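Residue numbers (my numbering), protein chains in the order written: chain A, 434 to 578; chain B, 434 to 578. Have a look at the structure below before the remarks.
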DNA sequence: CGCATAAATGAGACTAGGTGTCAACACATG
DNA sequence: CATGTGTTGACACCTAGTCTCATTTATGCG
């Protein structure tokens, strides 16, 4: 089983491989972020690592997003939420109750985009898909969030 | 053919039908917005109707969004863009070049959401889909935006 | 018409989320 | 251990939007 520490180590390694320095603020930010598999906001991270500058935390998260290690998604009300990227896909089913994020890439998204090209004659340049769900386990239990 | 004036009149009528007052700031905001079928930002509207208060313009747009007359979508970089709602659907193919918005509802979105429920065992509560395209006519001409 | 009154307005403070600047600092390498 | 570039932190600034509250105004009623 992958622990939070493993996750943080992995991110650290990826940063290093990318030619980035492993500084104290980055280590702390990664450690904090690895403990929140259900997603986090940058302000939350700032509160958890109060001795590091706000700009630094934002820069670290932006770096991780650009490297594809973290993805930024938006909740129903438009508020941003970040979470660890599982792989290279870009589609999520976010549970409104527990915050868990499921991969939706194999549910026909590509097919949908193909249809759009065919039916409208346009060329798809990018897309954003966010699905808000009540996940299987939350359907049976009480809301927590 | 529907002119911009017709559009503004129509919006005005809908507001009135909804029990809202037809005030001068609202009339101007609607007139300005009706002239931008390719979408607009609220700040743009504020610049076009500078004698009306910024809060009022924001309130007017929010009202129109809540009434389903205008929809808020977000561009690839996350910046918000508003445009006149064509109907009750919620899916758009936004041309990155000319800003035109096409309806994508009949391209299999519902089918996709059904698949998600079946494959993940979750209940879909809401979703957001934005597709960024180069529309058919822009594929043949030079970029303008 | 004239009036009452609830709805709407405008100024401006405030919020969230995020970026830009710049002097000071620190990591890794020669 | 010098050196130089990447990184930091403080803080100003930005966009997008909301809230408050005193003032104004559209509209239905008599």
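Every residue gets a Cβ at the ideal spot worked out from N, C-alpha and C, and that includes glycine. No experiment lies behind these values; they were computed from the predicted model shown.
How would you label residue 553/B, buried or exposed, when you count the other beta carbons within 10 angstroms and need 16 or more for buried? Taking the second chain and counting its residues from 1, the one referred to as residue 553/B is at position 120. So residue 553/B counts as buried.
Contacting residues, own chain, Cβ-Cβ under 6 Å from residue 468/B (five flanking each side not counted): The residue given as residue 468/B occupies position 35 in the second chain. So the list reads 437, once near-sequence residues are dropped.
From residue 457/B to residue 533/B, what distance separates their C-alpha atoms? Residue numbering aside, residue 457/B sits at position 24 when the second chain is read from its first letter. Residue numbering aside, residue 533/B sits at position 100 when the second chain is read from its first letter. Their backbone Cα atoms lie some 29 Å apart in a straight line.
Quick check on this structure: which residue in 454/B, 571/B and 455/B has the alpha carbon closest to the alpha carbon of residue 530/B? By one-based count along the second chain, residue 530/B stands at place 97. Residue 530/B has its Cα closest to that of 571/B, out of 454/B, 571/B and 455/B.
For residue 509/B, go through chain A and note every residue whose CB falls closer than 7 Å to its CB, in chain order. Stepping through the second chain from its first residue, residue 509/B is reached at position 76. Going along chain A in sequence order, the residues near residue 509/B (Cβ under 7 Å) are 559.
Nearest to residue 490/B (by Cα), restricted to the options 509/B, 504/B and 459/B: Counting from one through the second chain, the residue named residue 490/B turns up at place 57. Checking every option, the nearest Cα to that of residue 490/B belongs to 459/B.
Cutting at 6 Å between CB atoms, please list the residues of its own chain near residue 516/A, excluding the five before and the five after it. Counting from one through the first chain, the residue named residue 516/A turns up at place 83. 472 and 534, listed in sequence order.
Determine the extent of the beta strand (DSSP E) in which residue 564/B is found, giving its start and end residues. Working through the second chain from its first residue, we reach residue 564/B at position 131. Counting along the chain, the beta strand (DSSP E) containing residue 564/B begins and ends at 556-567.
Could you check the C-alpha separation between residue 470/A and residue 451/B for me, to the nearest Å? Position 37 of the first chain, counting from 1, holds the residue named residue 470/A. Position 18 of the second chain, counting from 1, holds the residue named residue 451/B. Spanning the two alpha carbons is a distance of roughly 44 Å.
Run of the beta strand (DSSP E) containing residue 503/B, from where it starts to where it stops: Within the second chain, numbered from 1, the residue matching residue 503/B stands at position 70. Counting along the chain, the beta strand (DSSP E) containing residue 503/B begins and ends at 503-507.
Straight-line CA distance for residue 569/B to residue 466/B? Here residue 569/B refers to the residue found at position 136 when the second chain is read from its first residue. Here residue 466/B refers to the residue found at position 33 when the second chain is read from its first residue. Computed Cα separation, rounded: 25 Å.
Using a beta-carbon distance below 7 Å, is residue 472/A in contact with chain B? Locating residue 472/A in the first chain gives position 39, counting from the first residue. Not an interface residue.
Using a Cβ-Cβ cut-off of 7 Å, state whether residue 495/B counts as contacting chain A. As a first step, residue 495/B must be located in the second chain, where it is residue number 62. Chain A, which has no Cβ nearer than 7 Å to the Cβ of residue 495/B, makes this no.
Backbone secondary structure at residue 540/B - three-state DSSP: Locating residue 540/B in the second chain gives position 107, counting from the first residue. Helix.
For residue 461/B and residue 563/B, I'd like the C-alpha separation in whole angstroms. By one-based count along the second chain, residue 461/B stands at place 28. By one-based count along the second chain, residue 563/B stands at place 130. Cα to Cα, residue 461/B sits roughly 29 Å from residue 563/B.
Residue range of the beta strand (DSSP E) that includes residue 528/A: Counting from 1 along the first chain, the entry for residue 528/A is found at position 95. From DSSP, the beta strand (DSSP E) with residue 528/A extends over 524-528.
CB contact check: residue 541/A to chain B, cutoff 7 Å: In the first chain, the residue the question calls residue 541/A occupies position 108. For residue 541/A, the answer is yes, since a Cβ of chain B falls inside 7 Å of its Cβ.
Are there 16 or more other CB atoms within 10 angstroms of the CB of residue 485/A, so buried, or fewer, so exposed? Counting from 1 along the first chain, the entry for residue 485/A is found at position 52. It is buried - the Cβ of residue 485/A has at least 16 other Cβ atoms within 10 Å.
How many Å lie between residue 574/A and residue 446/A at the Cα? In the first chain, counting from the first residue as 1, residue 574/A sits at position 141. In the first chain, counting from the first residue as 1, residue 446/A sits at position 13. Computed Cα separation, rounded: 38 Å.
Outcome for residue 576/A when other beta-carbon atoms lying within 10 angstroms are tallied against a minimum of 16: Here residue 576/A is taken as the residue at index 143 of the first chain, counted from 1. Note that residue 576/A has pLDDT 45, beneath the 50 cutoff, so the model's placement of it is unreliable and no number is given.
What are the complete alpha helix (DSSP H) segments, minimum 4 residues, inside the region 455-512 of chain B? 457-467, 475-481 and 487-499
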